[in-house]
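>
Residue numbers (the working numbering), protein chains in the order written: chain A, 5 to 353; chain B, 8 to 89.
#1: Less than 8 Å between the C-beta atoms of residue 304/A and residue 128/A, yes or no?
#2: Taking just the CA atoms, how far does residue 104/A sit from residue 357/A?
#3: Can you name the residues of chain A whose CB is closer than 8 Å to the CB of residue 26/B?
#4: Would you please verify whether the beta carbon of residue 43/A is less than 8 Å from any beta carbon of chain B?
#5: By Cβ distance below 7 Å, which residues in the same chain neighbour residue 12/B in space, the five residues on each side in sequence not counted?
#6: Flag this pair as touching only if the stretch 135-149 of chain A and the stretch 250-263 of chain A have three or more C-beta atom pairs under 8 Å; answer yes or no.
#7: To the nearest angstrom, how far is it from the Cα of residue 89/A to the Cα of residue 311/A?
#8: Quick check: is the beta carbon of residue 298/A nearer than 8 Å to any beta carbon in chain B?
#9: Round the Cβ separation of residue 97/A and residue 216/A to the nearest angstrom and send it over; I've been treating them as touching at under 8 Å.
#10: Ignoring anything shorter than 4 residues, give me the alpha helix (DSSP H) runs that lie fully in the stretch 162-234 of chain A, in order along the chain.
#11: Measure the C-alpha to C-alpha separation of residue 345/A and residue 297/A and round it to an integer number of angstroms.
#12: Hey, how far is the Cα of residue 74/A from the Cα of residue 108/A?
#13: Check the Cβ-Cβ distances between residue 178/A and every residue of chain B, and say whether any is below 8 Å.
#14: Would you list, in sequence order, the uninterrupted alpha helix (DSSP H) runs of no fewer than 4 residues that lie entirely inside the stretch 101-142 of chain A?
#15: Residue ranges of each beta strand (DSSP E) run of no fewer than 3 residues wholly in the stretch 276-344 of chain A, ordered along the chain?
#16: With contact counted as at least three CB pairs below 8 Å, one residue from each stretch, are the stretch 15-31 of chain A and the stretch 45-62 of chain A in contact?
#17: Whose C-alpha, out of 43/A, 110/A, 33/A, 94/A, is nearest the C-alpha of residue 10/A?
#18: Could one say the Cβ of residue 21/B lies closer than 8 Å to chain A's Cβ atoms, at least one of them?
#19: Under 8 Å, do residue 267/A and residue 126/A count as touching if we go by C-beta distance?
#20: With a 10 Å radius around its C-beta and 16 neighbouring C-beta atoms as the bar for buried, classify residue 89/B as buried or exposed.
#21: Using the Cβ count rule (16 or more neighbours within 10 Å means buried), how would you classify residue 80/B?
#22: Counting along the chain, where does the alpha helix (DSSP H) carrying residue 80/B start and finish?
#23: CB-CB under 8 Å to residue 313/A, same chain, minus the five flanking residues each way: which ones, in chain order?
#24: Taking only beta-carbon positions, decide if residue 326/A is within less than 8 Å of chain B.
#25: Run through the DSSP bridge pairs and tell me what residue 45/A is partnered with.
#26: Give me the Cα-Cα distance between residue 194/A and residue 327/A, rounded to the nearest whole angstrom.
#27: So, with DSSP's three-state summary, where would you put residue 89/B?
#28: Taking DSSP as the reference, what is the three-state secondary structure of residue 80/A?
#29: Tell me the DSSP secondary structure of residue 72/A in three-state form.
#30: Do you know whose CA, among 25/A, 38/A, 87/A, 206/A, lies nearest residue 302/A's CA?
#31: When you compare the CB positions of residue 174/A and residue 136/A, do they come within less than 8 Å of one another, or not?
#32: Quick one, which of 87/A, 176/A, 21/A, 265/A has its alpha-carbon nearest residue 286/A's?
#33: In this structure, what does DSSP give as the bridge partners for residue 272/A?
#34: Using CA atoms only, rank isn't needed, just tell me which of 219/A, 239/A, 164/A is closest to residue 204/A.
#35: Run through DSSP, which three-state label would residue 41/B get?
#36: Identify whether residue 248/A lies in helix, strand or coil by the three-state DSSP scheme.
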């Protein structure tokens with residue numbers, strides 16, 4: 005049954021580029037929701053984020069300040085947007101902006117803007133630098149890893165972990181390196197872009213799987229869809245994938261949700277070794293860019309997240325279609341210069 | 008040796024393992040073997056039937072069948088990983 009109220013939902017991550025933000029896929033899920041109708045307000049950092057110009061998906065877009073500008077600047081901008089658009093919900097989709105949105109969640113709710121995000125403790129506990137502790141606490145296999153502040157520290161780990169090693173940025177970026185020279189280059193490149201520390205992780209040989217899902221904050225699984233990447237870009241992003249039925253991956257997801265009482269959407273990056281054991285490589289505390297696959301196989305996670313955020317009754321999904329694929333594609337839009345000018349100079353389109 | 012129940016085998020030789028997401032293709036001989044294994048046929052029966060259908064020597068069929076079975080085992084398509 006459809007709710008009569010037309011919701012106004014703000015969504016970030018409109019950068020549908022080669023390393024895509026999840027926004028456009030989230031919006032497709034929201035527009036296909038069976039329980040409500042909605043208007044979409046895009047929140048963009050750059051004037052060339054493709055979602056800004058997708059007028060069949062996004063009703064209006066506003067620039068928002070970068071996370072480095074601080075939570076106050078973001079709050080003021082959101083209040084300006086709220087005054088004009090009367091937002092019901094905001095769905096942030098970038099790791100780097102989540103801290104600010106989590107911090108502001110209470111204040112925003114007082115103004116009528118709902119969200120459904122992990123707690124600050126959950127957000128911090130799954131940080132890459134804290135993953136070994138996280139694995140120990142919740143009895144989940146994770147690769148050995150250490151946060152380092154100089155490339156010299158990497159060399160002390162090579163004996164312990166063996167080659168190759170995975171060199172990771174605090175928020176984004178990862179490189180597989182096979183020797184000291186490559187390790188030093190990766191350290192310098194990633195630290196220049198994302199800062200310190202750099203995480204050095206043991207490489208687990210195996211097949212990579214991903215699970216996206218939604219936790220209700222009380223330990224219950226509202227949604228969970230596992231996927232195997234079939235086509236990976238040079239940036240490590242899935243350009244094609246297929247849903248699978250692996251019970252171990254689903255059990256691990258349920259264990260993760262139950263033991264952490266995770267609140268909100270997430271993506272687990274898993275590696276299955278030859279012995280069939282799963283290692284948790286990373287927890288992304290947000291909806292992944294391939295979320296439309298979950299929508300397509302029967303679990304509309306953006307819709308369920310909206311319902312949870314608004315305290316509407318939300319039933320857990322119990323099934324999905326396995327063996328369905330997504331294949332991403334690139335599409336050139338023709339855009340009038342006036343539109344680019346409008347968003348660039350006025351910060352609104 | 009029996010193929011896992013959840014493995015999907017299409018008429019044109021496309022095989023999909025829904026647990027791992029892996030897919031494979033086999034030729035007509037491979038498809039015949041998979042279908043016979045699915046039916047739970049014994050090794051001797053499979054060799055006999057393939058030998059008749061393809062008019063090949065039983066010893067050759069036996070060797071090729073053994074290679075093929077080792078391969079599908081390696082790809083985790085066998086029940087209980089016998």
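Ideal placement from N, C-alpha and C gives every residue a C-beta, glycine not left out.
Note that the coordinates shown come from a computational prediction; the quantities given were computed from them, not determined experimentally.
To lay it out plainly:
#1: no
#2: Residue 357/A is absent from the structure shown; chain A starts at 5 and stops at 353.
#3: 248, 249, 250, 251
#4: no
#5: none
#6: yes
#7: 20 Å
#8: no
#9: About 12 Å; that fails the 8 Å criterion.
#10: 184-198
#11: Whole-angstrom Cα-Cα distance: 34 Å.
#12: 11 Å
#13: no
#14: 124-129, 135-142
#15: 282-288, 329-331
#16: The stretch 15-31 of chain A, when compared against the stretch 45-62 of chain A, does touch it at the 8 Å Cβ threshold.
#17: 43/A
#18: No, its Cβ sits nowhere closer than 8 Å to a Cβ of chain A.
#19: yes
#20: Bear in mind that the predicted position of residue 89/B carries a pLDDT of just 45, short of 50, making it unreliable; the figure below should be weighed with that in mind. With fewer than 16 other Cβ atoms within 10 Å, it is exposed.
#21: exposed
#22: 65-81
#23: 93, 118, 119, 120
#24: yes
#25: 14/A, 64/A
#26: 36 Å
#27: Low per-residue confidence applies at residue 89/B: pLDDT is 45, beneath 50, and the placement is therefore not dependable enough to give any value.
#28: helix
#29: helix
#30: Ranking the options by Cα distance to residue 302/A, first place goes to 38/A.
#31: no
#32: It is 176/A whose Cα lies nearest to the Cα of residue 286/A.
#33: BP columns for residue 272/A point to 215/A, 287/A.
#34: 164/A
#35: helix
#36: coil
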